[in-house]
Amino acid sequence: MRSFTTFTVLVSSAILLSACSSVKLDEKPPVEERAAPAPVVSSNNDRAVETVTAASTDPLDDKNGILAKRSIYFDLDSYVVKDEFKPVVGAHGQYLSTHKTRKIIIQGNTDERGGREYNLALGQKRAEAVSKALSTLGVPASQIEAVSFGKEKPKATGSDDASWAENRRSDIVYQ
Amino acid sequence: MMKNLFLRTLAAIALMAATLAHAQLRVEISGVGANQIPIAIAGFADESLSPQRISAIIKADLSRSGYFKIIDTDKVMSETTAVNFSEWKSRGVDALVVGSVQRLVDGRFDVRYKLLDTIKSSQLSALALAAQPQFTRVSGHKIADDIYEKLLGARGAFATRIAYVTKAGREYRLEVADSDGESTQVALRSNEPIISPAWSPDGTKVAYVSFENKKPVVYVQDLINRQRTIVANYKGSNSAPSWSPDGSKLAIALSRDGLTQVYVINADGSNLRRLTNSNGIDTEPQFSADGQSIYFTSDRSGGPQIYKMSVTGGEAQRVTFNGSYNISPRISPDGKTLAYISRREGRFQLYALDLTNSQEQRLSDTTKDESPSFSPNGKYIMYATESGRRGSLAVVSVDSRVKHSLTTQAGDIREPTWGPFMK
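So the protein sequences, as listed, match chains A and B.
Residues in the first sequence are numbered from 749 upward in steps of one, following this note's numbering.
Residues in the second sequence are numbered from 41 upward in steps of one, following this note's numbering.
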């Protein structure tokens with residue numbers, strides 16, 4: 749049974765290795781080194797099991813990676829993607845280009861000031877800005893839908909500059 | 041005999057309890073018209089028989105209209121009671137309303153009324169209305185409409201309904217109520233926003249935008265059978281429905297081609313036709329009353345302004361020129377007045393533009409006005425605003441003098457749409 753367990757661990761590692769060519773397992777499982785051959789009766793070290801942590805290889809799930817950033821913020825009365833957010837858009841663009849079955853919805857938002865329908869259209873412009881940037885990077889339109897929430901679903905509910913800035917935003921939502 | 045009375049009383053109590061169970065809107069009058077007709081409304085004979093007091097409904101309607109000064113009287117007078125005209129005239133009463141209520145064998149209430157002119161000592165009008173108990177309020181409103189029309193020369197709008205959206209916590213509701221805020225009923229409950237409700241011209245359906253699909257989609261809902269039709273769910277955002285006067289089409293705003301533009305579609309969702317083609321945002325289309333033109337909001341010149349174009353297509357003409365931000369066009373039933381929201385010095389306020397002479401008038405003193413809606417007689421505009429940090433509805437006369445508000449007990453109320461005249 750023990751050798752079967754070891755075998756399973758080795759086979760799983762091999763499968764993981766072969767499935768994700770871009771990710772390397774840097775560490776090999778530690779190998780037990782026997783001391784100089786003084787014949788011992790008990791051999792408890794044979795029973796050691798060292799843990800292998802299989803890292804998820806989808807970069808989308810990396811909480812510390814750039815793909816974890818899903819929000820692009822906009823200045824007042826502005827509908828263009830600022831330079832500071834171009835790396836984020838670029839990273840999602842690259843991911844979508846290499847994962848052709850993934851789809852996203854981009855949700856555009858505005859702050860609370862102004863009429864509902866006009867703000868719905870302004871929020872749409874913010875979603876479109878991100879969508880266009882992704883198209884320019886080569887992502888097909890079939891992987892993207894740009895929609896607007898206008899001022900209907902604010903993240904920050906205050907009536908001050910900080911809340912308004914938080915709400916002028918496009919969110920990338922993976923389906 | 042006693043059992044009958046007992047059952048009738050039970051039924052009346054149940055009906056009242058059912059009506060009270062729905063949250064009512066509170067009406068507060070804050071402005072009246074320049075001229076008010078002094079009118080006395082007598083108690084109607086036997087009016088305690090019906091679930092609602094007819095004379096109370098008439099008094100509240102005429103009071104709210106801003107054009108009547110209610111002279112108090114505790115007299116009860118039927119349409120056959122003898123009238124001492126000179127006595128009423130000497131009390132400063134120009135018009136007198138009398139009537140009676142009778143219960144018919146089939147359970148309906150027969151309401152009769154007379155409108156009397158004390159100066160001419162004559163009868164101006166009389167009506168007899170038979171209706172089921174739950175429509176008692178409608179009978180009262182129809183009488184108030186008749187009084188309004190006979191004395192002011194314009195059709196009354198008391199027997200109409202309104203629809204609006206409420207938000208309380210995370211629940212949104214599309215509600216329908218009488219124009220006085222009574223008899224509220226819930227048409228739609230949702231955990232996602234509802235915006236832009238619009239009554240069909242026959243008053244049986246409401247179009248609206250729902251976010252229940254995690255994106256804006258245009259629905260039409262039949263209020264009677266609860267059936268919902270998705271009119272527009274194209275890629276992107278679908279919104280701003282406006283009915284054609286014959287009820288066969290809707291003008292809508294779609295972002296399917298990138299920028300939001302105006303389209304026309306059949307009410308069943310077929311036959312989509314693009315109407316505008318600009319480099320800006322075109323949205324908030326509104327059919328004119330004759331169905332030949334569409335007014336809409338466009339920022340093609342840089343900031344949002346109101347434009348007009350033919351429903352068959354072609355060039356659009358700009359209509360608003362004051363201020364840098366004009367949105368939410370609504371056109372009066374007679375086509376002569378444009379109501380809209382204008383942002384001036386950071387304040388969003390209701391304005392009216394006389395299209396015959398380009399005179400503009402600010403109609404409100406509040407600062408966060410939204411979504412105006414004309415009454416079907418064109419005399420009043422209902423709109424959403426904020427009162428004490430909560431959303432409330434307000435009504436103003438087109439000449440800005442008559443004002444009252446409608447507030448809920450809790451939560452926000454917004455997006456009003458005033459329903460059409462109905463039979």
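Ideal placement from N, C-alpha and C gives every residue a C-beta, glycine not left out.
Fair warning: this is a prediction, and the values are worked out from it, not measured in the lab.
Exercise for the section: Can you check the region 220 to 285 of chain B for any beta strand (DSSP E) of at least 3 residues that lies completely inside it and give the ranges in chain order? Expected result: 225 to 230, 234 to 239, 245 to 250, 257 to 262, 268 to 272, 278 to 283
Exercise for the section: Identify, in the order they occur along the chain, each residue of the same chain with its Cβ nearer than 6 Å to the Cβ of E385(B), setting aside the five sequence neighbours on each side. Expected result: The count along the second sequence starts at 1 and reaches residue 385(B) at position 345. For E385(B), where only same-chain residues beyond five positions count, there are no Cβ hits under 6 Å.
Exercise for the section: Can you tell me which of F327(B), I79(B), N273(B) puts its alpha carbon nearest to the alpha carbon of A291(B)? Expected result: Within the second sequence, residue 291(B) is the residue found at index 251, counting from 1. Among F327(B), I79(B), N273(B), the Cα nearest to that of A291(B) is on F327(B).
Handout entry: Any chain B beta carbon closer than 9 Å to W912(A)
Key = Locating residue 912(A) in the first sequence gives position 164, counting from the first residue. Not closer than 9 Å to any Cβ of chain B, the Cβ of W912(A) fails to qualify, so no.
Practice task
Check the C-beta distance from I334(B) over to V359(B) and give it rounded, since I have them as a contact under 8 Å.
Solution key: Residue mapping note: residue 334(B) aligns to position 294 of the second sequence, counting from 1. Residue mapping note: residue 359(B) aligns to position 319 of the second sequence, counting from 1. Wrong, their Cβ atoms sit about 12 Å apart, outside the cutoff.
Handout entry: V205(B): first and last residue of the uninterrupted beta strand (DSSP E) it sits in
Key = Within the second sequence, residue 205(B) is the residue found at index 165, counting from 1. Counting along the chain, the beta strand (DSSP E) containing V205(B) begins and ends at 201 to 208.
Practice task
Using the DSSP secondary-structure output, state which residues sit across from S918(A) in a beta bridge.
Solution key: The sequence position of residue 918(A) within the first sequence is 170, counting from 1. DSSP lists I820(A), G856(A) as partners of S918(A).
Practice task
With DSSP collapsed to three states, give me the class of S879(A).
Solution key: As a position in the first sequence, residue 879(A) is number 131, starting the count at 1. Three-state result, S879(A): helix.
Handout entry: Which residues DSSP lists as bridging V895(A), in chain order
Key = Start at 1 with the first residue of the first sequence, and residue 895(A) comes out as number 147. In the DSSP output, where bridge partners are listed per residue, V895(A) has Q855(A).
Problem - C-alpha distance - A26(B) paired with R818(A), whole-angstrom precision - result: Residue 26(B) falls outside the range modelled here, since chain B spans only 41 to 463, and no answer is possible.
Problem - Status (buried if at least 16 other CB within 10 Å, exposed otherwise) for F361(B) - result: Working through the second sequence from its first residue, we reach residue 361(B) at position 321. So F361(B) ends up on the exposed side.
Handout entry: Run of the beta strand (DSSP E) containing Q174(B), from where it starts to where it stops
Key = The residue you call residue 174(B) lines up with position 134 of the second sequence. Per DSSP, Q174(B) belongs to no beta strand (DSSP E) and is neither H nor E.
Practice task
Out of F175(B), L228(B), K182(B), state which residue places its alpha-carbon closest to the alpha-carbon of F149(B).
Solution key: By 1-based counting over the second sequence, the position of residue 149(B) is 109. The candidate whose alpha carbon is nearest that of F149(B) is F175(B).
Exercise for the section: Report yes or no: is there a C-beta of chain B within less than 9 Å of the C-beta of S896(A)? Expected result: Locating residue 896(A) in the first sequence gives position 148, where the first residue counts as 1. With 9 Å as the cut-off, S896(A) counts as an interface residue toward chain B.
Handout entry: CB-CB length for Y274(B) against Y259(B), believed under 8 Å
Key = As a first step, residue 274(B) is located in the second sequence; it is residue number 234 there, counting from the start. As a first step, residue 259(B) is located in the second sequence; it is residue number 219 there, counting from the start. Not confirmed; about 14 Å, so no contact.
Handout entry: Cβ-based neighbour list, N306(B), same chain, cut-off 7 Å, excluding 5 preceding and 5 following
Key = To locate residue 306(B), count along the second sequence from 1; it is residue 266. Excluding sequence neighbours, N306(B) sits near S288, K289.
Problem - CB contact flag (E865(A), P902(A), <9 Å) - result: One-based indexing of the first sequence puts residue 865(A) at position 117. One-based indexing of the first sequence puts residue 902(A) at position 154. Not closer than 9 Å, so no.
Exercise for the section: Decide if the region 434 to 450 of chain B is in contact with the region 225 to 238 of chain B; the criterion is three or more beta carbon pairs, one per stretch, under 8 Å apart. Expected result: no
Exercise for the section: Determine contact between the region 336 to 356 of chain B and the region 310 to 320 of chain B, defined as no fewer than three beta-carbon pairs at a distance below 8 Å. Expected result: yes
Practice task
Take S236(B) as the anchor and find which of V205(B), K254(B), R210(B) has the nearest alpha-carbon.
Solution key: Along the second sequence, one-based indexing puts residue 236(B) at 196. Closest by alpha carbon: V205(B).
Practice task
On the DSSP bridge assignment, give the partners of S350(B) in chain order.
Solution key: Locating residue 350(B) in the second sequence gives position 310, where the first residue counts as 1. BP columns for S350(B) point to S333(B).
Problem - Interface flag, D339(B) vs chain A, CB-CB below 9 Å - result: Taking the second sequence and counting its residues from 1, the one referred to as residue 339(B) is at position 299. Yes - at least one Cβ of chain A is within 9 Å of the one on D339(B).
Handout entry: L868(A) and S279(B) closer than 9 Å at C-beta
Key = Walking along the first sequence from the start, residue 868(A) turns up at place 120. Walking along the second sequence from the start, residue 279(B) turns up at place 239. A contact, by the Cβ cut-off of 9 Å.
Exercise for the section: Quick one: give me the first and last residue of the alpha helix (DSSP H) that V836(A) is part of. Expected result: Taking the first residue of the first sequence as position 1, residue 836(A) is located at position 88. It spans 834 to 846 - the alpha helix (DSSP H) in which V836(A) sits, taken as one unbroken run.
Exercise for the section: Examine chain B for any beta-carbon lying closer than 9 Å to the beta-carbon of Q872(A), and answer yes or no. Expected result: On the first sequence, residue 872(A) is found 124 positions in, with the first residue counted as 1. Closer than 9 Å to some Cβ of chain B, the Cβ of Q872(A) qualifies, so yes.
Handout entry: Beta-carbon spacing of G375(B), A329(B) below 9 Å
Key = As a position in the second sequence, residue 375(B) is number 335, starting the count at 1. As a position in the second sequence, residue 329(B) is number 289, starting the count at 1. Result yes, Cβ atoms of G375(B) and A329(B) sit closer than 9 Å.
Problem - Span separating the alpha-carbon of N397(B) from that of T377(B) - result: Position 357 of the second sequence, counting from 1, holds the residue named residue 397(B). Position 337 of the second sequence, counting from 1, holds the residue named residue 377(B). Going by the C-alpha atoms only, they are around 10 Å apart.
Handout entry: Chain-ordered residues of the region 334 to 360 of chain B with a beta carbon less than 9 Å from chain A
Key = Identification of residues in the region 334 to 360 of chain B having a C-beta nearer than 9 Å to some C-beta of chain A yields T337, D339, P344, given in sequence order.
Problem - Own chain partners of E455(B) with C-beta closer than 7 Å, once the 5 adjacent residues on each side are dropped - result: Looking up residue 455(B) in the second sequence gives position 415. If we look at E455(B) and ignore the five residues flanking it on each side, its Cβ neighbours are Y204, V205, I235, S236, P237, S411, A424.
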